[in-house]
Amino acid sequence: MTSTTTPQYAISTWPDTDAVNARLQALIAQPMRPIRRDKMQEYLGYFETKCVRSRALNEEAQKYIPGGVQHNLAFNHPFPLAVERAEGAYLWDVDGNRYIDFLQAGGPTVLGSNYAPVREKVIEMLSSCGPVTGLFHEYELKLAELVHRFMPSIEMLRLLGSGTESVMAAIRIARTHTGKKKIIKVGGAYHGWSDSMVYGLHVPGTGRMEAIGIPRGASAHTQEFFPHDLGALRRLMQLNRVRGGTAAVILEPVGPESGTRPVPHDFSRQVRQLCDEFGALLIFDEVVTGFRLGMGGAQGYFGVKPDLTVLGKCISGGYPMAGAVGGRCEVMHCCAAGVGGTSKRAYVGGTLSANPLSCVAGYHALLEMERTNAPVIAGKAGDRLTKGLQAIIERLGLPFVAYNQGSIVHLETSGLMLLDFRHPLKLARELKPRKHMMEEMGAAYMARGLVTLAGSRAYTSMADSDDVIDEALNRFETVLSSVEGVG
Ligand SMILES: Cc1ncc(COP(=O)(O)O)c(C=O)c1O
Numbered sequence: 354m355t356s357t358t359t360p361q362y363a364i365s366t367w368p369d370t371d372a373v374n375a376r377l378q379a380l381i382a383q384p385m386r387p388i389r390r391d392k393m394q395e396y397l398g399y400f401e402t403k404c405v406r407s408r409a410l411n412e413e414a415q416k417y418i419p420g421g422v423q424h425n426l427a428f429n430h431p432f433p434l435a436v437e438r439a440e441g442a443y444l445w446d447v448d449g450n451r452y453i454d455f456l457q458a459g460g461p462t463v464l465g466s467n468y469a470p471v472r473e474k475v476i477e478m479l480s481s482c483g484p485v486t487g488l489f490h491e492y493e494l495k496l497a498e499l500v501h502r503f504m505p506s507i508e509m510l511r512l513l514g515s516g517t518e519s520v521m522a523a524i525r526i527a528r529t530h531t532g533k534k535k536i537i538k539v540g541g542a543y544h545g546w547s548d549s550m551v552y553g554l555h556v557p558g559t560g561r562m563e564a565i566g567i568p569r570g571a572s573a574h575t576q577e578f579f580p581h582d583l584g585a586l587r588r589l590m591q592l593n594r595v596r597g598g599t600a601a602v603i604l605e606p607v608g609p610e611s612g613t614r615p616v617p618h619d620f621s622r623q624v625r626q627l628c629d630e631f632g633a634l635l636i637f638d639e640v641v642t643g644f645r646l647g648m649g650g651a652q653g654y655f656g657v658k659p660d661l662t663v664l665g666k667c668i669s670g671g672y673p674m675a676g677a678v679g680g681r682c683e684v685m686h687c688c689a690a691g692v693g694g695t696s697k698r699a700y701v702g703g704t705l706s707a708n709p710l711s712c713v714a715g716y717h718a719l720l721e722m723e724r725t726n727a728p729v730i731a732g733k734a735g736d737r738l739t740k741g742l743q744a745i746i747e748r749l750g751l752p753f754v755a756y757n758q759g760s761i762v763h764l765e766t767s768g769l770m771l772l773d774f775r776h777p778l779k780l781a782r783e784l785k786p787r788k789h790m791m792e793e794m795g796a797a798y799m800a801r802g803l804v805t806l807a808g809s810r811a812y813t814s815m816a817d818s819d820d821v822i823d824e825a826l827n828r829f830e831t832v833l834s835s836v837e838g839v840g
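Using the numbering used here, read the sequence shown as starting at 354 and increasing by one per residue.
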């Protein structure tokens with residue numbers, strides 16, 4: 354397949370990362386500015402009076418589901434809401450309350466929720482073939498060809514069940530191909546919950562702190578370096594030469610936690626050079642950025658070619674089983690499937706991998722995203738939201754920080770994500786209160802009809818018209834006006 358169109362990207366300007374980082378550092382250097390207690394009571398009152406059915410369902414769910422909720426991104430404070438309907442930019446809970454949806458399921462729905470043209474294709478597939486047969490379906494090929502057209506570095510693609518699985522596969526493929534052991538990640542980055550990646554999770558420098566239930570050996574060859582510290586990465590790679598070698602460096606090209614700690618524009622290019630110097634593979638985790646930043650992904654935007662790319666979320670258009678790993682033929686060949694396989698085989702698979710439902714959904718969602726220019730439209734909405742938030746922050750004289758990479762919008766109020774293990778005392782003292790503040794911010798936004806990702810991130814979609822964003826900004830302003838020291 355050949356392309357006649359030049360890919361366009363959601364990012365209009367790359368944030369001035371020095372300026373953003375300076376503001377973020379200033380934010381965590383000062384005392385927290387949580388919501389005033391009287392106002393917080395008012396927001397919590399919303400849940401008591403307006404979310405009665407959600408509450409009842411959650412109480413029942415506590416009996417059968419650990420913690421009463423299954424999804425890590427679901428809001429637990431004061432209790433998770435049960436959602437009944439999703440359409441475009443909006444969600445409705447079971448009590449009939451409407452919300453502007455900036456969670457967008459954690460990122461996959463760049464077209465907006467429950468996008469009808471894709472849904473119709475899925476229904477056609479269900480009628481003709483059902484969701485799964487275990488045999489080859491033409492849509493697997495169509496999707497792999499399409500992904501190759503958008504991201505030429507992906508000469509071959511292996512579809513799997515989730516981003517987590519695909520990261521596991523990428524690591525296994527990298528080790529098989531290079532014959533080396535060590536995998537280096539950026540401290541604080543999330544690459545799913547596999548044994549070897551629950552390491553330096555969320556908070557840089559914390560190594561195995563979250564590795565509960567994971568034997569030490571499972572992450573014995575995982576290493577982390579502090580965000581942006583290319584010197585530290587080089588030192589690790591040098592040491593690794595005599596410790597089994599570096600099989601791969603894995604990173605999110607926009608910075609860990611989808612750019613929560615934004616990186617300089619040339620960061621991934623410099624990591625590419627280090628990987629070449631040390632004979633390691635470069636794995637781009639594009640689970641979030643893949644197609645959200647543009648059909649060419651972050652690799653197209655930065656013009657950097659990884660050896661392996663992990664995809665998720667958008668790869669099945671928000672439908673179940675979103676995961677894939679792809680890269681150069683010679684690297685990907687080692688995970689050939691089918692009975693028998695190749696001699697030097699990295700074992701990957703799954704009963705429901707590459708099922709027709711996920712493939713048809715992903716294929717048509719990606720085509721629709723290209724046809725409608727959804728990533729760029731979503732990026733413009735992200736710019737409008739960010740500019741509006743920055744103006745509110747300025748007007749109210751708050752230390753909070755808003756910035757975006759296109760349709761990934763960050764609104765840091767508690768600074769939780771900026772804590773790290775370089776300052777262990779501060780971390781020990783402030784982790785819990787700052788986490789609580791972030792939960793409260795998320796609950797307050799929710800009570801004013803805004804669903805965010807963990808109270809500090811907003812994904813915009815093509816459905817976010819100027820009117821939607823302006824309505825959202827009014828709501829954000831109400832909440833931000835109720836923090837301590839304002840008014
Ligand atoms: C960057 C990144 N990598 C990997 C994953 C894991 O993907 P999944 O939730 O599909 O397992 C996520 C999930 O949010 C992610 O954001």
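We put the beta carbon where it would ideally sit given N, CA and C, even for glycine.
What's the gap between the Cα of F536 and the Cα of K403?
The residue you call residue 536 lines up with position 183 of the sequence shown. The residue you call residue 403 lines up with position 50 of the sequence shown. The sequence shown places Ile at residue 536, not Phe. Rounded to the nearest angstrom, the two C-alpha atoms are 48 Å apart.
Can you tell which of L377, A382, V373, S760 has the C-alpha that lies nearest to the C-alpha of K779?
Here residue 779 refers to the residue found at position 426 of the sequence shown. Comparing Cα-Cα distances from K779 to each of L377, A382, V373, S760, the minimum goes to A382.
Measure from the alpha carbon of S515 to the alpha carbon of each residue in T766, V678, E830, R748, then state which is nearest.
If you number the sequence shown from 1, residue 515 lands on position 162. Checking every option, the nearest Cα to that of S515 belongs to V678.
What do you reckon, is the C-beta of V641 under 6 Å from a heavy atom of ligand 1?
Along the sequence shown, read from residue 1 onward, the residue named residue 641 stands at position 288. Yes; taking the cut-off as 6 Å, the Cβ of V641 has a heavy atom of ligand 1 nearer than that.
So, G735 versus N757, is the Cβ gap smaller than 7 Å?
Locating residue 735 in the sequence shown gives position 382, where the first residue counts as 1. Locating residue 757 in the sequence shown gives position 404, where the first residue counts as 1. Going by C-beta atoms, G735 is nearer than 7 Å to N757.
Spatial neighbours of K538 within its chain, please: C-beta separation below 6 Å, excluding the five flanking residues on both sides.
Stepping through the sequence shown from its first residue, residue 538 is reached at position 185. Answer for K538: E577, I603, listed in chain order.
Evaluate A375 with the Cβ neighbour count: other Cβ atoms within 10 Å of its Cβ, from every protein chain shown; 16 or more gives buried, anything less gives exposed.
Translated into the one-based positions of the sequence shown, residue 375 becomes position 22. A375 is exposed by the Cβ-count criterion.
Under a Cβ-count criterion, where at least 16 other Cβ atoms within 10 Å of its own Cβ denotes burial, should Q457 be classed as buried or exposed?
As a first step, residue 457 is located in the sequence shown; it is residue number 104 there, counting from the start. Under this definition Q457 is a buried residue.
Could you tell me if the beta carbon of T575 falls within a distance shorter than 6 Å of some heavy atom in ligand 1?
By 1-based counting over the sequence shown, the position of residue 575 is 222. Checking the Cβ of T575 against ligand 1 gives no.
Can you tell me where the alpha helix (DSSP H) holding M398 begins and where it ends?
Sequence index remark: in the sequence shown, residue 398 carries index 45 (1-based). Sequence check: residue 398 is Gly here, not Met. 390-403 is the span of the alpha helix (DSSP H), which, as asked, contains G398.
Could you pull the start and end residues of the beta strand (DSSP E) that Q325 belongs to?
For residue 325 there is no data in the structure shown, the boundaries of the chain being 354 and 840.
Less than 7 Å between C-beta atoms, sequence neighbours within five positions excluded: which residues of the same chain meet that for A811?
On the sequence shown, position 458 is the one that residue 811 refers to. Correct list, in chain order: F455, L738, V762, L764, T805.
Could you give the DSSP three-state label for Y654: helix, strand or coil?
Within the sequence shown, the letter at position 301 stands for residue 654. It is helical.
Between the C-alpha atoms of G459 and G732, what's the straight-line distance to the nearest angstrom?
Along the sequence shown, read from residue 1 onward, the residue named residue 459 stands at position 106. Along the sequence shown, read from residue 1 onward, the residue named residue 732 stands at position 379. Computed Cα separation, rounded: 16 Å.
Where does T355 sit, in a helix, a strand or coil, going by DSSP?
Locating residue 355 in the sequence shown gives position 2, where the first residue counts as 1. Model confidence at T355 stands at a pLDDT of 43, short of 50, so the residue's coordinates are unreliable and nothing is read from them.
Would the beta-carbon of H544 be found less than 6 Å away from any heavy atom of ligand 1?
Reading the sequence shown from its first residue, position 191 is the one you call residue 544. Yes - ligand 1 has a heavy atom lying nearer than 6 Å to the Cβ of H544.
Just tell me which of Y552, T531, S711 has its CA closest to the CA of R472.
Locating residue 472 in the sequence shown gives position 119, counting from the first residue. Among Y552, T531, S711, the Cα nearest to that of R472 is on S711.
Considering only residues of the same chain and omitting the five flanking positions on each side of V657, which have a CB-CB separation below 6 Å?
To locate residue 657, count along the sequence shown from 1; it is residue 304. Hits under 6 Å: S621, R622, R625.
Distance, Cα to Cα, G597 vs G632?
Your numbering for residue 597 matches position 244 in the sequence shown. Your numbering for residue 632 matches position 279 in the sequence shown. Taking the straight line from one Cα to the other gives about 12 Å.
Out of P606, H686, M590, point me to the one whose CA is closest to W328's CA.
A question about residue 328 goes unanswered here, because the residues of the chain that appear run from 354 up to 840.
Rounding to the nearest angstrom, what Cα-Cα distance links G560 and C482 in this structure?
Residue 560 sits at position 207 when you count from the first residue of the sequence shown. Residue 482 sits at position 129 when you count from the first residue of the sequence shown. Spanning the two alpha carbons is a distance of roughly 46 Å.
Just to check, is the beta-carbon of D548 closer than 6 Å to a non-hydrogen atom of ligand 1?
Reading the sequence shown from its first residue, position 195 is the one you call residue 548. The answer is no for D548.
Could you check whether A651 and V463 sit closer than 7 Å to each other, using their CB atoms as the reference points?
Working through the sequence shown from its first residue, we reach residue 463 at position 110. Working through the sequence shown from its first residue, we reach residue 651 at position 298. Cβ atoms of V463 and A651: not closer than 7 Å.
Decide if I822 is buried, meaning its Cβ has at least 16 other Cβ atoms within 10 Å, or exposed.
Here residue 822 refers to the residue found at position 469 when the sequence shown is read from its first residue. Burial call: buried.
Which one of L705, T704, V684, S706 has the shortest CA to CA distance from R698?
Stepping through the sequence shown from its first residue, residue 698 is reached at position 345. When only C-alpha atoms are compared, the closest one is V684.
Could you check where the alpha helix (DSSP H) with R841 kicks off and where it finishes?
Lying outside 354 to 840, the shown extent of the chain, residue 841 is not represented and no answer is given.
Alpha carbon to alpha carbon, how far is M791 from L434? Give it in angstroms, no decimals.
As a position in the sequence shown, residue 434 is number 81, starting the count at 1. As a position in the sequence shown, residue 791 is number 438, starting the count at 1. Rounded to whole angstroms, L434 to M791 spans 17 Å at the Cα level.
Taking N757 as part of the beta strand (DSSP E), name the residues at either end of that continuous run.
Counting from one through the sequence shown, the residue named residue 757 turns up at place 404. Where N757 is concerned, the enclosing beta strand (DSSP E) stretches over 754-758.
Roughly how many whole angstroms lie between the Cα atoms of Y492 and M393?
Mapped onto the sequence shown, residue 492 falls at position 139. Mapped onto the sequence shown, residue 393 falls at position 40. If you take the alpha carbons of Y492 and M393, they lie about 50 Å apart.
Who pairs with F637 in a beta bridge, going by DSSP?
Locating residue 637 in the sequence shown gives position 284, counting from the first residue. Answer by DSSP bridge pairing, in chain order: L604, T662.
Using the three-state DSSP reduction, which class does A442 fall into: helix, strand or coil?
On the sequence shown, residue 442 is found 89 positions in, with the first residue counted as 1. DSSP places A442 in coil when its eight states are reduced to three.
Quick check on D448: does DSSP put it in helix, strand or coil?
In the sequence shown, residue 448 corresponds to position 95, counting from 1. In this structure, D448 counts as coil in the three-state DSSP scheme.
Using DSSP with H/G/I as helix, E/B as strand and the rest coil, what is A811?
Numbered from its first residue, the sequence shown carries residue 811 at position 458. Residue state, collapsed to three classes: strand.
Would you give the residue range spanned by the beta strand (DSSP E) that K533 belongs to?
For the purposes of this step, residue 533 is identified with residue 180 of the sequence shown, where counting begins at 1. Note, K533: premise wrong, no beta strand (DSSP E); not H, not E.
Say the cut is 6 Å; is the CB of D446 nearer than that to a heavy atom of ligand 1?
The count along the sequence shown starts at 1 and reaches residue 446 at position 93. The answer is no for D446.
Tell me the rounded alpha-carbon separation between S466 and L380.
As a position in the sequence shown, residue 466 is number 113, starting the count at 1. As a position in the sequence shown, residue 380 is number 27, starting the count at 1. Going by the C-alpha atoms only, they are around 34 Å apart.
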